[in-house]
Amino acid sequence: MECFRRNLTLNCGCTVCGDAQKNMDHIFRRCPVALSIWFPLIREDKVEEFFSLDFKQWLFVNLSNVEGFGRDRVHWDVLFGFLLWNLWRKRNEWVFSDQDWSGEPVLQRVLRMQHEAIAARPTLASDRSLRSTNVGVPAVG
Numbered sequence: 001m002e003c004f005r006r007n008l009t010l011n012c013g014c015t016v017c018g019d020a021q022k023n024m025d026h027i028f029r030r031c032p033v034a035l036s037i038w039f040p041l042i043r044e045d046k047v048e049e050f051f052s053l054d055f056k057q058w059l060f061v062n063l064s065n066v067e068g069f070g071r072d073r074v075h076w077d078v079l080f081g082f083l084l085w086n087l088w089r090k091r092n093e094w095v096f097s098d099q100d101w102s103g104e105p106v107l108q109r110v111l112r113m114q115h116e117a118i119a120a121r122p123t124l125a126s127d128r129s130l131r132s133t134n135v136g137v138p139a140v141g
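Residue numbering for the sequence shown follows my numbering, starting at 1 and increasing by one per position.
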């Protein structure tokens, strides 16, 4: 495993659930903590496909599809990206800072972030100053 190769640790298992596997697929999709977040969000008719895709394909499909696998079928790409980031963040807080999984639950935080991002999109798209800003080389003199 990568952590052995880099001499980072003697235990390359998952520090959250104790599973022997600790790779990106496990961290983001297979770990019981991740599973507990994914299952309430995935449409029942899409569960098998969601968990059977190759990891790279899984990332690509979910980050590039607005409807995706979500029960709400709206802005899945945004929700998925925020979920990955927050799973990674919470896991690192737990592993490196001895912070437990208490506080604002990951799913609640992600849903709030998704709502804020979607609300901000029309504002950003209609702001002419952002679209028409032209940064060029200043005139000499």
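For every residue, glycine included, the Cβ atom is placed at its ideal position computed from N, Cα and C. Since the structure is predicted, the reported quantities are computational estimates derived from the model, not experimental observations.
{"Query": "Valine 110 versus glutamate 67: straight-line alpha-carbon distance, rounded", "Result": "17 Å"}
{"Query": "Buried or exposed by the 16-neighbour rule on C-beta atoms within 10 Å, applied to arginine 89", "Result": "exposed"}
{"Query": "DSSP three-state assignment for glycine 13, whether helix, strand or coil", "Result": "coil"}
{"Query": "Distance between beta carbons of alanine 117 and valine 78, contact taken as under 8 Å", "Result": "5 Å"}
{"Query": "Assigned secondary structure, glycine 70 (DSSP; H/G/I helix, E/B strand, else coil)", "Result": "strand"}
{"Query": "Distance cut-off 6 Å: isoleucine 37 Cβ against heavy atoms of the ligand GDP", "Result": "The model depicted lacks the ligand GDP and carries no ligand whatsoever."}
{"Query": "Buried or exposed by the 16-neighbour rule on C-beta atoms within 10 Å, applied to glutamine 114", "Result": "buried"}
{"Query": "Contact check, phenylalanine 50 vs phenylalanine 69, beta carbons under 7 Å", "Result": "yes"}
{"Query": "Closest Cα partner of aspartate 72 within the set Lys46, Trp94, Leu59", "Result": "Lys46"}
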